[in-house]
Structures are given as C-alpha cells and as structure tokens.
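See structure below.
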Amino acid sequence: MKRKVNSSSIKPFSAERLIPMLLLLTTAVLFVLRLTGPNNLMDNDQERPASYVLDVVNHAHWICQRDYSGYITSKPPLYTWLAATFTFILGKGTISLFTLYLPCFLSVLGTALILFLGGKRFLDWRVAALGAFFFIISPMGMKQIALARTDPLFSFTITLAAFTGFYAWNSGKRWMWIVFWLAAATTGLTKGPLGLLLASGGFLSFFWNRIVSLKQPLFSWNILSGIFLYLGLVGGWFLLAYVTEGQSVYNKIIRSELLNHAVGSDYGWVGIGLLKTPAYLISRFLPWSILGIWGCVLVFRNPSTNLETRRFEHFLVCWILAGCVVLGMATHQRGDLILPLIPPLSLLSAKVLLAYIPSGLKENPVLYLRTLIIFCAAGLSLILFYNRVVFSKQTITFESRAIEKAAANIKEAGFDLDILRHYQSPFTLQFYLNTMSTELSEDELSVFLTSSEPGILSVSNLDDFKKTLGDTPPPYRVIYRWYLDEKPFLHLIANDAWSSTASTLTTHTRKFTSVTLYKD
0 MKRKVNSSSI
10 KPFSAERLIP
20 MLLLLTTAVL
30 FVLRLTGPNN
40 LMDNDQERPA
50 SYVLDVVNHA
60 HWICQRDYSG
70 YITSKPPLYT
80 WLAATFTFIL
90 GKGTISLFTL
100 YLPCFLSVLG
110 TALILFLGGK
120 RFLDWRVAAL
130 GAFFFIISPM
140 GMKQIALART
150 DPLFSFTITL
160 AAFTGFYAWN
170 SGKRWMWIVF
180 WLAAATTGLT
190 KGPLGLLLAS
200 GGFLSFFWNR
210 IVSLKQPLFS
220 WNILSGIFLY
230 LGLVGGWFLL
240 AYVTEGQSVY
250 NKIIRSELLN
260 HAVGSDYGWV
270 GIGLLKTPAY
280 LISRFLPWSI
290 LGIWGCVLVF
300 RNPSTNLETR
310 RFEHFLVCWI
320 LAGCVVLGMA
330 THQRGDLILP
340 LIPPLSLLSA
350 KVLLAYIPSG
360 LKENPVLYLR
370 TLIIFCAAGL
380 SLILFYNRVV
390 FSKQTITFES
400 RAIEKAAANI
410 KEAGFDLDIL
420 RHYQSPFTLQ
430 FYLNTMSTEL
440 SEDELSVFLT
450 SSEPGILSVS
460 NLDDFKKTLG
470 DTPPPYRVIY
480 RWYLDEKPFL
490 HLIANDAWSS
500 TASTLTTHTR
510 KFTSVTLYKD
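Numbering that gives the first Met the number 0 numbers the first residue of the sequence shown as 0 and each following residue consecutively.
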C-alpha cells in the first residue's frame with residue numbers, strides 16, 4: 000500500500016536558502032586557486048606580518064610582537080592572534096601559507112555573508128546575493144583572500160560593525176548597541192581607532208534623512224551602551240603592550256603609524272588623498288565600481304519608495320562618502336586602504352545591474368540561481384587564467400618560489416637551524432624554515448663571523464656583504480649558492496668556527512630558472 004504524502008508538508012524550493020552555501024563554495028574555490036597557484040609572499044610587505052605571527056609561534060610574544068628587524072609591531076594584534084592560533088591548531092606549530100592566509104579567507108567569506116544576510120533585510124535578496132558575489136569575484140576579492148596583512152580582516156570587522164550599528168539604530172534594541180561596540184572593538188584590535196570612524200560614517204545619513212523629511216528612529220543614550228567594552232578591549236591591549244614594551248609602543252603605533260600616516264609630511268601634503276582615494280576605489284573594483292558609482296547617483300535621483308530601504312541606501316552612500324573623506328585626508332595613501340568601502344559599493348552596484356536583468360530571469364528563483372552559478376564559474380575561470388598565466392609571470396612570484404626551494408635545500412642538508420642567522424636576506428626564507436630570529440646588524444656581523452661558536456648566515460647580496468666587512472674582513476666561507484636565471488639571489492655562509500670544526504666542507508650550488516621553477 001502506497002503511503003500518501005501530504006502536499007502541504009513539502010517545502011517549496013528556495014533559491015535564497017542556497018546562497019550562503021554557494022558563497023562558501025565560491026570563496027573556498029577562490030582560496031584554493033590562490034593557494035595552489037604562484038604566491039607573492041615577498042610582495043606587498045607581507046613578510047612583516049608573517050614575522051609577527053612567527054614571533055608568537057616561536058617566542059610566545061602574544062601581547063606585543065617584533066618583526067625580523069627587531070622593531071615593535073606597527074598594528075594591533077588581532078590578525079596575528081588569529082594566524083598564530085591557526086598555526087598552533089591546524090599546523091601543529093608549523094606555519095604555512097594556509098594558516099597564514101586562513102584569516103583572510105574567513106574575512107572575505109564573513110564579509111560576503113554579512114552583505115547577503117544583512118543586505119536582504121533591507122534590500123531584495125537578489126540584490127544582496129549579487130552584491131555579495133560582486134565582492135568576491137573582483138580584483139580586490141582575488142587579492143585580499145590571500146593577503147597577509149590586516150586589510151581583509153579590517154574590511155570584515157568594519158562591515159560587521161556598520162551593519163550591526165545600522166540594525167541597532169533601526170531596531171532601537173539596546174543589546175544590539177552592545178554588539179556594535181563589540182564589533183567596533185575588533186576593528187580597533189585590527190588597525191586602531193580608524194576602524195570606528197569608518198564603521199560610523201553611515202550614521203551621517205541621520206542628517207540627510209532630516210533634510211529630506213524621511214521618517215527615522217531617533218538616537219538615544221543607548222548608543223553608548225557598550226562604549227566601555229570598546230575602551231576596555233582596545234585600551235586594555237594597548238596598556239598591556241605599553242607595560243610590556245614601554246615608550247616604544249607609543250612611538251611606533253601612535254606617533255609613527257597613526258599620527259604620521261594621518262598628517263605626516265613624509266607622505267606628501269594633506270588633501271591629495273581626496274583625489275587618490277576615489278581613484279583607488281574606482282580602479283581597484285572594476286568593473287563593478289562603475290555600476291556602484293551610478294548606484295550612488297540613483298540614490299539621490301531616484302530614491303526608493305520603501306522608507307526602510309531608502310534609509311539603508313542613505314546609510315550605504317554616507318558610509319562610502321565619509322570613508323573617502325576620512326581616508327582622503329590622510330597623507331599616507333595606499334590602494335588597499337579602500338577595502339572597507341567596497342562592501343557598500345558592492346550592494347549599490349548590484350542594485351543597478353539587477354534593474355537591467357530581464358524580469359523573467361530575476362523573478363524565477365531557479366533561473367536566477369543558475370545565472371549566479373554561471374557568473375561565479377565564469378569569474379573563477381577568469382581568475383584562474385590570470386593567476387596561472389599573468390600573475391605567475393611576475394618576477395616576485397619566481398623569487399618567492401625560489402626562496403621556498405632554497406629553504407627546502409637547507410632542511411635537506413640537515414643544517415642546525417638554531418645556529419642559522421640572517422643578514423639582509425628575505426624573511427620568506429625564515430617563513431619556510433619556521434624560524435624567527437632578528438636580522439644581524441652591521442655591528443653584529445663581525446662579532447658573529449669571529450665568534451668561537453659555530454654559526455651559519457644567509458645573505459642575499461654577496462657584494463654588499465663584502466663591502467660591509469671592509470678591507471680586512473674576518474674569515475668566512477660560502478657553503479651554498481642559489482641562482483635564479485643565472486643571477487645569484489641567496490648565499491649561505493659559515494663563520495670561521497663552523498668552517499674549522501666541520502669534517503668536510505664543500506660548496507653546493509643550486510640553479511633555478513623561471514621556466515621550470517614551478518615544475519616539480
């Protein structure tokens with residue numbers, strides 16, 4: 000006897016519910032493409048954050064880290080904490096590109112999920128979904144998913160704080176303001192107080208709403224509900240760092256990084272960024288940035304009839320404009336600084352494009368989902384092509400790969416890594432050796448070479464090394480040489496004590512070519 004099925008108990012197909020899974024799959028595929036392709040660890044100043052992570056892993060300096068030059072960390076440690084934790088848990092104490100970039104992957108995924116789950120509350124779910132995919136399938140999405148810097152995490156924490164702040168304002172719930180301040184604290188622990196300014200820029204829409212007589216919730220003292228949570232977490236870390244390292248923490252983080260980057264004359268004159276920041280925003284987010292700019296214009300020219308949606312769009316536009324002003328007023332300008340402004344621009348660009356999609360396509364959830372899948376597949380294919388054909392031809396990717404192979408040679412040779420020191424050689428070598436020691440200074444160089452304790456030293460430029468030692472250099476011996484396209488790029492040098500105690504000592508030479516470097 001066949002069992003009857005109650006048709007009312009069968010849930011209809013919902014394409015909307017599958018979007019988070021598709022976002023996860025797309026982000027994961029992009030992450031794998033970047034990890035398995037050429038890497039550029041030696042570019043974009045990624046070696047310094049990597050050295051902070053290894054300082055935690057090897058020396059347990061959780062509160063305040065130092066880089067390979069011995070200088071105090073330039074940023075708060077949230078990214079470092081995450082990467083170090085993943086290294087301990089997933090790498091069992093051995094760092095890798097996977098554990099180093101995993102916080103970046105989670106940041107990109109988290110931002111995309113916020114754009115969809117938070118955006119669909121105030122916009123059409125199709126707009127929110129398309130905006131989330133725009134954020135991932137873009138030049139900046141491809142870059143930040145494997146970028147060992149604070150920028151991807153900073154973008155995520157600001158997006159989280161901005162969305163929770165708008166929801167707290169829109170709902171009037173006191174506990175949501177506490178969540179906002181907690182999210183704002185993560186921005187402070189990522190990159191300092193700038194995060195609170197960028198995350199709060201959208202609240203300027205309050206004045207815009209008043210000008211156009213748009214009904215809106217009033218602000219109350221509940222907005223300050225969690226401010227002590229922010230001050231306690233961010234200020235508490237800074238106080239601990241100050242107690243640990245002293246005045247150098249203030250000099251580095253506050254004076255050098257915060258004040259000097261904001262108004263320091265070393266980077267040019269104040270105000271030039273008001274032109275550079277929008278130019279970076281448009282060029283780094285092509286082609287979606289063009290749609291996003293037009294979306295900002297349409298918020299003025301053709302406002303939404305839904306009051307809640309209209310307030311949200313005002314919030315997004317003010318987020319972008321205020322961010323451009325805040326970032327533009329700083330003398331220090333860098334393309335990646337505009338990352339926190341891309342999430343709101345993604346949603347506005349998606350709304351513009353959705354208006355041009357045929358109604359039969361966007362009103363059919365199944366067809367719309369298939370279109371998104373095709374879009375993701377096409378975008379990932381382009382990224383794969385760029386990663387393997389264009390990006391792989393950059394000199395820095397060959398150098399990063401050559402250093403990785405040199406580290407493997409050192410391990411195979413069985414050298415004692417405890418006696419290995421470094422002088423003006425890429426930190427990427429230490430990354431692949433999972434070591435963290437401060438580079439020798441010029442004054443320490445002669446002491447190391449004449450020491451009675453055996454030691455070996457990595458050097459990049461042998462000619463500069465010889466000039467540093469002067470006309471009467473102490474005895475040493477080159478025991479390893481590495482070449483890239485017939486040019487020497489790394490040398491391993493033994494001091495006199497190591498040379499005299501070694502039973503046999505031969506010079507090894509390894510030559511790599513760009514053509515065969517990625518062929519195992």
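Where is the CB? At the ideal position from N, CA and C, for every residue including glycine. These figures come from a predicted structure and were not determined experimentally.
Taking all protein chains shown into account, decide if Trp220 is buried (16 or more other Cβ within 10 angstroms of its Cβ) or exposed. exposed
Beta carbon of Asp495, beta carbon of Pro474: below 8 Å? yes
Buried or exposed by the 16-neighbour rule on C-beta atoms within 10 Å, applied to Val31: exposed
What distance in whole Å lies between the Cβ atoms of Gly118 and Gly130, which are believed to be in contact at a cut-off of 8 Å? 6 Å
Locate the alpha helix (DSSP H) running through Arg300, then write down its first and last residues. Trp287 to Arg300
Between Leu89, Leu228 and Ser345, which has its C-alpha nearest Ile113's C-alpha? Ser345
Three-state secondary structure assigned by DSSP to Ile356: coil
Please report the residue range of the beta strand (DSSP E) in which Lys251 lies. That residue, Lys251, is in no beta strand (DSSP E); it is neither H nor E in DSSP.
For the 8 Å Cβ check, are there 3 or more pairs between the stretch 270 to 290 and the stretch 315 to 324? yes
With DSSP run on the structure shown, which of helix, strand or coil describes Ile136? coil
Whole angstroms is fine: what's the gap from Lys510's alpha carbon to Phe97's? 27 Å
According to DSSP, Ala493 sits in a beta bridge with which residue or residues? Ile455 and Arg476
Straight-line CA distance for Ser348 to Phe447? 59 Å
Exposed unless 16 or more other CB atoms sit within 10 angstroms - verdict on Val389: exposed
On the DSSP bridge list, what partners appear for Trp481? Leu489 and Arg509
What are the boundary residues of the beta strand (DSSP E) that includes Arg420? Leu419 to Tyr422
Can you say whether Thr183 is buried or exposed, counting buried as having 16 or more other CB atoms within 10 angstroms of its CB? The displayed chain sequence assigns Ala, not Thr, to residue 183. By the 10 Å Cβ count, Ala183 comes out buried.
Just grab the DSSP bridge partners of Arg65 for me. Ile71
Does the separation of the CB atoms of Val56 and Ala83 fall below 8 Å? yes
Residue ranges of each alpha helix (DSSP H) run of no fewer than 4 residues wholly in the stretch 187 to 219, ordered along the chain? 193 to 199 and 204 to 210
Would you please state the rounded distance, in angstroms, between the beta carbons of Thr149 and Lys214? I believe it to be under 8 Å. With a Cβ gap of about 39 Å, Thr149 and Lys214 do not count as contacting.
Looking only at its own chain, which residues have a Cβ that is under 8 Å from the Cβ of Leu432, when we skip the five neighbours before and after it? Ala406, Ile409, Lys410, Leu416 and Leu419
Within 10 angstroms of the Cβ of Ser424, are there 16 or more other Cβ atoms? Answer buried if so, exposed if not. buried
Consult DSSP for Ala14 and reduce its assignment to one of helix, strand or coil. helix
Output yes if chain C places a C-beta closer than 8 Å to the C-beta of Asp417; else output no. Absence of chain C from the displayed structure is noted, only one protein chain being present.
Per DSSP, what kind of secondary structure is Asn57 in: helix, strand or coil? helix
What are the boundary residues of the alpha helix (DSSP H) that Gln429 is part of? Phe426 to Leu432
Whose C-alpha, out of Ala145, Ile62, Leu197 and Val233, is nearest the C-alpha of Val579? The question about residue 579 has no answer, for the chain in this structure spans 0 to 519.
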